[in-house]
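K.L.:
Supplied in structure tokens, the structure appears directly below.
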Amino acid sequence: MKNNMTPSEINICLLGDGKNLSGIALCLGNSGHKVFLPGDALPKSYLTKALEAQNNIFLDPNWSSLPNADLIIIHCSENILLKKELLGKISDLASATVLVGINSESYALTDLQEGFPAPERLIGLNWVYPAHQTLFLEIITNEKTKPEPVEKLMKMAKSYWDKDPYLLCKGKGIRSRLLAAMARESFHLIDKGYAEPIDIDRACRNDPGYYLPFAGNFRYMDLMGTFIYGLVMKDLNPELSNDKTPSKIIDDKINAGKLGMDKGEGFYSYSENEMQDKEEDFLIFNKKIKGLMDKYPFKNPEEVV
0 MKNNMTPSEI
10 NICLLGDGKN
20 LSGIALCLGN
30 SGHKVFLPGD
40 ALPKSYLTKA
50 LEAQNNIFLD
60 PNWSSLPNAD
70 LIIIHCSENI
80 LLKKELLGKI
90 SDLASATVLV
100 GINSESYALT
110 DLQEGFPAPE
120 RLIGLNWVYP
130 AHQTLFLEII
140 TNEKTKPEPV
150 EKLMKMAKSY
160 WDKDPYLLCK
170 GKGIRSRLLA
180 AMARESFHLI
190 DKGYAEPIDI
200 DRACRNDPGY
210 YLPFAGNFRY
220 MDLMGTFIYG
230 LVMKDLNPEL
240 SNDKTPSKII
250 DDKINAGKLG
260 MDKGEGFYSY
270 SENEMQDKEE
280 DFLIFNKKIK
290 GLMDKYPFKN
300 PEEVV
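Quick note: the sequence shown, position 148, residue 147 per numbering that gives the first Met the number 0, numbers continuous.
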């Protein structure tokens, strides 16, 4: 990307699969970019109608947008063979200088750079659903990464995408690891008979659900008194789960085809109407939460006067 380009001058090629692809496309299209989706159909999701109404989003059945893209974004399933297949197509068709961002929840950036012809222009780029309404953006780099394009990306995400991005320079993301630790302990509590899924959900929603949008973990510890957490963790940490494999509960759900709300059943069961209502309610709730967070911006210590 050249300096001082306006959003409408920046062409973005977005490819991959999954529910969040729609939200990413909307985020970029709403920001004024021309967004090209290789393929002959829009992603199927609750947001498909919004995609159809967005004038900056274009289907690209012949993948002809890749050579002229100023930024390429891949968001696909957490399957390293699929990721490398898409990276291979990009290396054959795209410019040798374009920045490529790919989502990676569990793989190190070095694993994805292996075999890619220009590892210095491949970064990790993680989003959360719904990407067009959240502040979240995780940018992952390492010692091979060329810094200038990343600096431009950070500025663009703040100025145009309405994101509060954070930069990780050691080649691994943190969001998925934090969530995995919480999920592992949740399954441990259920496996040991201490709780049911509804108990876990109520505990999370009615306690950290109140403070995390305001403070995060460490600022909340400061707010409550850091010493308290030192005392609690001293006694509690030896009892926490250190399981190396997923709980049998999640394996049983997957093997039974209970893959989540989109399939009608996960940890709970959903009718067709309930699926539509929950999706709509979640988007409305998310928008209201972001509006509240915007009133209480999360500043870095050096920004506080």
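Positions of the beta carbon are idealized from the N, C-alpha and C atoms, including for glycine.
1. Using the rule of at least 16 other Cβ atoms within 10 Å of the residue's Cβ for burial, across every protein chain shown, is Val97 buried or exposed?
2. Do Asn10 and Ala68 count as a contact pair if the criterion is CB distance below 8 Å?
3. Once the 5 residues before and after Gly17 are set aside, which same chain residues still bring their CB inside 7 Å of it?
4. With distances taken between CB atoms, is the gap from Gln132 to Lys289 smaller than 8 Å?
5. Give me, in chain order, the residues of the same chain whose beta-carbon lies closer than 6 Å to that of Val304; leave out the 5 immediate sequence neighbours on both sides.
6. Consult DSSP for Glu264 and reduce its assignment to one of helix, strand or coil.
7. For Tyr295, count neighbouring Cβ atoms within 10 angstroms of its own Cβ and tell me buried if that reaches 16, exposed if not.
8. Helix, strand or coil for Met0, going by three-state DSSP, please let me know.
9. Would you call Cys168 buried or exposed, if buried means 16 or more other Cβ atoms sit within 10 Å of its Cβ?
10. Please work out which residues of its chain come closer than 6 Å, Cβ to Cβ, to Gly170, disregarding the five sequence neighbours upstream and downstream, and give them in chain order.
11. So, does the region 143–151 touch the region 23–40, judging by three or more C-beta pairs under 8 Å?
12. If you run the structure through DSSP and keep just helix, strand and coil, what is Asn19?
13. Closer than 7 Å to a non-hydrogen atom of the ligand SAH - does that hold for the CB of His74?
14. When burial is assigned at 16 or more other CB atoms within 10 Å of the CB, is Gly100 buried or exposed?
15. Any idea what DSSP makes of Asp39, helix, strand or coil?
16. Which of the three DSSP states is assigned to Ile139 in this structure?
17. Alpha carbon to alpha carbon, what distance is there between Asn61 and Lys88?
18. In this structure, what does DSSP give as the bridge partners for Phe57?
19. Taking Cβ positions, are Lys82 and Leu46 nearer each other than 8 Å?
20. Within 10 angstroms of the Cβ of Cys26, are there 16 or more other Cβ atoms? Answer buried if so, exposed if not.
21. Can you grab the Cα-Cα spacing for the pair Leu85 / Thr244, in whole Å?
P.N.:
By the coordinates alone:
1. buried
2. yes
3. His74, Cys75 and Ser76
4. yes
5. Here the model assigns Val304 a pLDDT of 44, short of 50, so the residue's position is not dependable, and the following value carries that caveat. So no residue of the chain qualifies.
6. strand
7. exposed
8. coil
9. exposed
10. Ala107, Leu108, Thr109 and Asn141
11. no
12. helix
13. The ligand content of the structure shown is nil, which means the ligand SAH is not present either.
14. buried
15. coil
16. strand
17. 12 Å
18. Phe35
19. no
20. buried
21. 29 Å
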